[in-house]
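**Student:**
In the UniProt record's numbering, the protein residues as written are 1 to 107.
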């Protein structure tokens with residue numbers, strides 16, 4: 001299972017309404033696995049089990065940032081990570097501001 005939580009660091013609140021796409025990478029090719037939109041708490045889950053491999057979450061942050069009156073520096077934010085199939089759950093938070101972001105493996 002994969003989950004994410006997007007927080008708006010500029011305002012100190014969750015970031016609802018952000019589209020998130022999950023892709024599995026095969027060398028130069030990528031395969032769409034799932035899509036979600038963050039809820040009122042800024043959370044989105046993709047309950048499908050993940051096989052070992054390399055994945056990419058793509059957060060479409062531009063519309064969210066623009067809707068709050070800011071000009072986004074990053075319209076889309078790709079986050080690549082590896083799954084080793086020994087963990088059953090992966091949590092990838094995104095801390096977002098109009099001009100930057102940070103991410104890490106959560107628990």
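Positions of the beta carbon are idealized from the N, C-alpha and C atoms, including for glycine.
What residue does the beta strand (DSSP E) around residue 21 start on, and which one ends it?
**Tutor:** First-last of the beta strand (DSSP E) with residue 21: 19-26.
**Student:** Using 7 Å as the cut-off, classify the Cβ of residue 58 as near or not near the heavy atoms of the ligand MN, replying yes or no.
**Tutor:** In the structure shown, the ligand MN is absent, as is every other ligand, since no ligand is present at all.
**Student:** With H, G and I counted as helix, E and B as strand and the rest as coil, what does DSSP make of residue 14?
**Tutor:** In this structure, residue 14 counts as strand in the three-state DSSP scheme.
**Student:** According to DSSP, which residues form a beta bridge with residue 78?
**Tutor:** According to DSSP, residue 78 bridges with 58.
**Student:** Beta-carbon separation of residue 2 and residue 22 under 8 Å?
**Tutor:** Result yes, Cβ atoms of residue 2 and residue 22 sit closer than 8 Å.
**Student:** Kindly indicate which three-state DSSP category residue 104 falls into: helix, strand or coil?
**Tutor:** Looking at residue 104 - three-state DSSP - the assignment turns out to be coil, as it is neither helix nor strand.
**Student:** Pull up the distance between the alpha-carbon of residue 31 and that of residue 66, whole angstroms please.
**Tutor:** Looking at the two C-alpha atoms, the distance is approximately 29 Å.
**Student:** Using the C-alpha atoms, what's the distance from residue 104 back to residue 89?
**Tutor:** Looking at the two C-alpha atoms, the distance is approximately 14 Å.
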